[in-house]
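Shown next, in structure tokens, is the structure this report addresses.
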Amino acid sequence: MVEWGILIATYLFLGGLAGGLFASTAALDAITRGGIRRTSKLGALVSWVSMAIGLILLLADLGRPEHAFRIMLAPHMESPMAWGAWVIVIFTVLGLAYWLGLSDFGGEPLKPLRSALNRIKDLLGALGSMFGLMTAAYTGILLGFSRQSLWRPWALPVLFTVSGIATGYAVLMYLVHRTGEDVGLSPAGLSKVELIVGVIELLVALLYVATIPTPARGAIASLTSVNGVLFWLGFVAVGLIIGEILLPAISLRTPEKAPSPALVLTTAALVLIGGYILRYAVLYAGQVA
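Under our numbering, the first residue of the sequence shown carries the number 1003, and numbering increases by one thereafter.
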């Protein structure tokens, strides 16, 4: 019986995307010493909006949102849901503060607050990245505390985290292309990072499949099941091999030339589609295994 459906799958995807995008944005902003203000502001905003939408979908799926607030206000310290709720809240607050420090929101009345936040931007970025990656990992850890064999392997939170970084980085590269800001790295350097992340994610995906208990492995590893087809063709083939490995490799053939707008957009789209299919396939397969 499928109890967690499309809303939870979307929440898992948006949580990973938000964490990965914020960490990628803060890292690139630190590397350029704040030289990509427009890109950083957009990256932080998209990250925060993604997390906010994900939380709305999660609360909508719960049916009784007050349960979530009860978990936070009266937490059981041994409960992964209580820890996860606080991690997400802290990440959301840090992300909002980071964006506010870069923005012009609120005009003159909020200028002192924005200036104060901008002065500690690097600290907010470091802390936000830590809690963002914890949020991406938590989506897999939460599933692992269930009784479903498909969700119990330790490699699942790692896979969700690396996937969050991959989707976030893909969105960040699209934003860099749109703003046209100089990030201090060559087009080849940016593509190499994407390719390396893709190779790592592919290895972790194979490790995850290998660590699934044998009785449940067929639900995701076999091409005779719908979720297996989605996992191998939608996530691995389209999102990973084509989106994260082959297309960046094509960009490396002309290392001094920036990739075309069509290539950047196609890469980001395929990586995002693959990241979503990963959560969808794992979530649904785990409930029918």
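For glycine and all other residues, C-beta sits at the position ideal for the given N, C-alpha and C.
Next item on the list: Could you tell me how far apart the beta carbons of THR1034 and GLY1186 are, in whole angstroms, since I believe they sit closer than 8 Å?
Entry: Approximately 5 Å separates the beta-carbon atoms of THR1034 and GLY1186; this is inside 8 Å, confirming the contact.
Check: Under the three-state reduction of DSSP, which class applies to LYS1194: helix, strand or coil?
Finding: Reduced to three states, the DSSP call for LYS1194 is helix.
Notebook entry, point to check: How about the region 1218–1227 and the region 1149–1156: do they share at least three Cβ pairs that are nearer than 8 Å?
Noted result: Counting C-beta pairs with one atom in each stretch, the region 1218–1227 and the region 1149–1156 have three or more that are closer than 8 Å, which means they touch.
Margin query: Using only CA atoms, which one of GLY1236, TRP1006, TRP1156, GLU1196 lies nearest to PRO1215?
Written below: When C-alpha distances from PRO1215 are compared across GLY1236, TRP1006, TRP1156, GLU1196, the shortest belongs to TRP1156.
Margin query: Looking only at its chain, what residues have a beta carbon closer than 7 Å to the beta carbon of VAL1206, apart from the 5 residues adjacent to it on each side?
Written below: Around VAL1206: ALA1157, VAL1160, LEU1161, VAL1164.
Margin query: For a quick check, are the C-beta atoms of THR1012 and TRP1050 less than 8 Å apart?
Written below: Going by beta carbons, THR1012 and TRP1050 fall outside the 8 Å limit.
Notebook entry, point to check: Should VAL1273 be labelled buried (16 or more other beta-carbon atoms within 10 Å of its own) or exposed?
Noted result: Around the beta carbon of VAL1273, a 10 Å sphere encloses 16 or more other beta carbons of the protein chains shown; the residue is thus reported as buried.
Item checked: Secondary structure, alpha helix (DSSP H): runs of 4+ residues fully inside the region 1075–1157 -> Counting only runs of 4 or more, we get 1082–1104, 1113–1121, 1123–1146.
Next item on the list: Express the C-alpha separation of ARG1255 and VAL1308 in angstroms, rounding to a whole number.
Entry: In this structure the chain extends from 1003 to 1291, so residue 1308 is not present and cannot be described.
Notebook entry, point to check: Do three or more CB pairs link the region 1169–1185 to the region 1119–1131 at distances below 8 Å?
Noted result: Proximity of the region 1169–1185 to the region 1119–1131 falls short of the contact definition, fewer than three beta-carbon pairs being nearer than 8 Å.
Notebook entry, point to check: By Cβ distance below 8 Å, which residues in the same chain neighbour ALA1260 in space, the five residues on each side in sequence not counted?
Noted result: Closer than 8 Å at Cβ, skipping near neighbours: HIS1179, PRO1189.
Check: Nearest to LEU1235 by alpha carbon, out of THR1269, ILE1252, ILE1275?
Finding: Residue ILE1275 holds the alpha-carbon nearest to the alpha-carbon of LEU1235 among THR1269, ILE1252, ILE1275.
Next item on the list: Give the secondary structure of PRO1261 by DSSP, where H, G and I count as helix, E and B as strand, and everything else as coil.
Entry: In the three-state reduction of the DSSP assignment, PRO1261 falls in the coil class.
Next item on the list: Could you confirm whether any beta carbon from chain B is found closer than 8 Å to the beta carbon of ILE1038?
Entry: As a matter of chain content, chain B is missing from the structure shown, which is built from one protein chain.
Next item on the list: Identify the continuous alpha helix (DSSP H) that holds SER1049 and give its terminal residues.
Entry: Element bounds for SER1049: 1039–1064.
Check: Can you check whether the CB of ASN1120 is closer than 8 Å to the CB of GLY1097?
Finding: At least 8 Å separates the beta-carbon of GLY1097 from that of ASN1120.
Notebook entry, point to check: So is LEU1208 buried or exposed if we call it buried at 16+ other beta carbons inside 10 Å?
Noted result: It is exposed - the Cβ of LEU1208 has fewer than 16 other Cβ atoms within 10 Å.
Next item on the list: Grab the span of the alpha helix (DSSP H) containing ASP1031 for me, first residue to last.
Entry: Segment 1008–1033, the alpha helix (DSSP H) holding ASP1031.
Next item on the list: With DSSP as the reference, label ILE1214 as helix, strand or coil.
Entry: If DSSP states are grouped into helix, strand and coil, ILE1214 belongs with coil.
Note to self: I need the DSSP call for GLU1246, collapsed to helix, strand or coil.
What the structure shows: Note: GLU1246 maps to helix in three-state DSSP.
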